[in-house]
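Enquirer: In full-length UniProt numbering, the protein residues as written are 1 to 395.
Even for Gly, the Cβ is constructed at its ideal location relative to N, Cα and C.
Okay, structure coming up:
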């Protein structure tokens, strides 16, 4: 559920300060006993930057080091013979103290453990993040959300194959309404805090759960609340790249141009199709839903091709022979190219168009502008008819 990511981020106890010589992380967890603790930091590519293990004695542990950038840091505490605690802190070159009581260890509805009333102290950024966390917890305590936790636990207790009865659907609708209202209140108050602290990288991390479903203009506005140094920081790489992707693929923008090889080796550029309405179809030989779409796509092509509509199939098969075999079997009359791999294992055009699943369509007008991305079989003809009509009327 969307709320899970929100709960994880909203319950961060972050500690940051003014960069100086390095960080010192001190943990004091009453009743935790002996064991060990681990911290780890990766950059936006997933490459390990920091990985350290410390012995825990009587619930106390300590880490020292220096981080090259402000980072989201995973902390794992492993007491002997007890449950494992996983949490996130924001690591910066400053003192960080964590205090809590293992007797207050609880499990959230997602199955993860947390320590109720855990305290984290550090630099000025900690104060900002504590304010952001308190918005979440104080809102959760409001009377209008008294059924929130009860419904969450009820859904968590259901078998994954449980029958979708009227009661289940009714409670699901109620929970969604509560979640929507909860997020609206929390996000609104947190944005006010962020606006007052534009230099806080840790605070900016709280944008992560907010941007899901956010319109582009609002996304641009809230990202712009922060200083340029924060917007360009390592910590915000994923958020920044998500914004750039949405901007690149926004309706009305010129579709990113690419050139790929056809089956005969001849290169075909998207620019070669300028002047036509183009439907780009990302597919693969092994994709059942993709190939199940071909019958109606043949009818669509037959109906619209002579009116100035072209289909460009972009195969994402790793195996060129599998792609060619599928083309022979399907005998599809439209244009076909095969996506190219780039260093890192990604597909060049699929990544350019943020294709995370197939089948995936991209509809482009005669001027080369993006109309829509995704899968929209049932709306396709209406969209194309409008584009063709706009051409006739000179719009």
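Would you say the segment 248-259 touches the segment 295-309, given that touching needs at least three Cβ pairs under 8 Å?
Expert: With a cut-off of 8 Å, the segment 295-309 and the segment 248-259 do not count as touching, because too few Cβ pairs lie within range.
Enquirer: Just grab the DSSP bridge partners of residue 217 for me.
Expert: BP columns for residue 217 are empty, so no partner.
Enquirer: Taking the alpha-carbon of residue 175 as reference, which of 367, 46 and 147 has the nearest alpha-carbon?
Expert: Selected option, being the one with the closest Cα: 147.
Enquirer: Using only CA atoms, which one of 143, 319 and 279 lies nearest to residue 300?
Expert: Closest by alpha carbon: 279.
Enquirer: Since I believe residue 69 is in contact with residue 235 (beta carbons under 8 Å), could you give me their beta-carbon distance rounded to a whole number of angstroms?
Expert: Rounded, the Cβ-Cβ distance is 7 Å, consistent with contact.
Enquirer: If you reduce the DSSP assignment to three classes, tell me which class residue 404 lands in.
Expert: Residue 404 cannot be examined here, being either before or after the span of the chain that is shown, 1 to 395.
Enquirer: Are there 16 or more other CB atoms within 10 angstroms of the CB of residue 138, so buried, or fewer, so exposed?
Expert: Burial call: exposed.
Enquirer: Can you find the residues in the same chain that come closer than 6 Å, C-beta to C-beta, to residue 226, ignoring five residues on each side of it along the sequence?
Expert: The answer, listed in chain order, is 198 and 204.
Enquirer: Within a Cβ cutoff of 8 Å, which residues of the same chain sit near residue 380, ignoring the five residues on either side of it in sequence?
Expert: Hits under 8 Å: 279, 300, 361 and 363.
Enquirer: Between the Cα of residue 134 and those of 119, 123 and 144, spot the shortest distance and give me the residue it belongs to.
Expert: For residue 134, the nearest C-alpha among the options comes from 119.
Enquirer: So, do the segment 125-133 and the segment 257-276 have three or more beta carbon pairs nearer to each other than 8 Å?
Expert: Too few Cβ pairs lie closer than 8 Å, so no.
Enquirer: Contact defined as beta carbons within less than 8 Å: I believe residue 354 pairs with residue 315. What is the distance between those atoms, to the nearest angstrom?
Expert: The pair is not a contact, with the Cβ atoms about 18 Å apart (cut-off 8 Å).
Enquirer: If you draw a straight line from the C-alpha of residue 349 to the C-alpha of residue 335, how long is it?
Expert: Residue 349 and residue 335: Cα-Cα distance of roughly 16 Å.
Enquirer: In chain order, what residues of the same chain have a beta carbon less than 6 Å from the beta carbon of residue 10, not counting five sequence neighbours either side?
Expert: The predicted position of residue 10 is uncertain, since its pLDDT is 39 and thus under 50; a value taken from the coordinates is nonetheless stated next. If we look at residue 10 and ignore the five residues flanking it on each side, its Cβ neighbours are 136.
Enquirer: Quick one: using the 10 Å Cβ neighbour count with 16 as the cut-off for buried, is residue 79 buried or exposed?
Expert: Burial call: buried.
Enquirer: Is DSSP giving residue 400 helix, strand or coil here?
Expert: Residue 400 is absent from the structure shown; the chain starts at 1 and stops at 395.
Enquirer: Could you have a look at residue 283 and say whether DSSP puts it in helix, strand or coil?
Expert: Strand.
Enquirer: Just reading off the alpha helix (DSSP H) that residue 126 is part of, what are its end residues?
Expert: Here the alpha helix (DSSP H) through residue 126 covers 124-140.
Enquirer: Would you list the one or two residues that DSSP bridges to residue 360?
Expert: Residue 360 is bridged to 282.
Enquirer: Let's see if you can read the secondary structure: which residues bound the alpha helix (DSSP H) around residue 322?
Expert: Taken as a continuous stretch (DSSP letters only), the alpha helix (DSSP H) holding residue 322 covers 320-330.
Enquirer: Going by beta carbon distance, what residues of the same chain come within less than 6 Å of residue 211, once the five residues before and after it are set aside?
Expert: Answer for residue 211: 219, listed in chain order.
Enquirer: What span of residues does the beta strand (DSSP E) with residue 59 cover, start to end?
Expert: No beta strand (DSSP E) contains residue 59, which DSSP labels as neither H nor E.
Enquirer: When DSSP labels each residue in this structure, what does residue 12 get in the three-state scheme?
Expert: Its pLDDT being 43, under 50, residue 12 is placed unreliably in this model, and the coordinates cannot settle the point.
Enquirer: In whole angstroms, what is the alpha-carbon distance linking residue 222 and residue 44?
Expert: Whole-angstrom Cα-Cα distance: 21 Å.
Enquirer: With residue 157 as the anchor, note down where its alpha helix (DSSP H) starts and where it stops.
Expert: Its alpha helix (DSSP H) spans residues 148-157.
Enquirer: Measure the C-alpha to C-alpha separation of residue 233 and residue 291 and round it to an integer number of angstroms.
Expert: Taking the straight line from one Cα to the other gives about 43 Å.
Enquirer: Just to confirm my understanding: we take residue 57, look at its own chain, exclude 5 residues before and 5 after, and list those with CB closer than 6 Å. What are they?
Expert: If we look at residue 57 and ignore the five residues flanking it on each side, its Cβ neighbours are 34.
Enquirer: Spatial neighbours of residue 186 within its chain, please: CB distance less than 6 Å, with the 5 preceding and 5 following residues excluded, ordered by chain position.
Expert: Excluding positions up to five away in sequence, the list reads 135, 136 and 139.
Enquirer: Comparing alpha-carbon positions, which option in 366, 283, 144 and 244 lies nearest residue 337?
Expert: The candidate whose alpha carbon is nearest that of residue 337 is 283.
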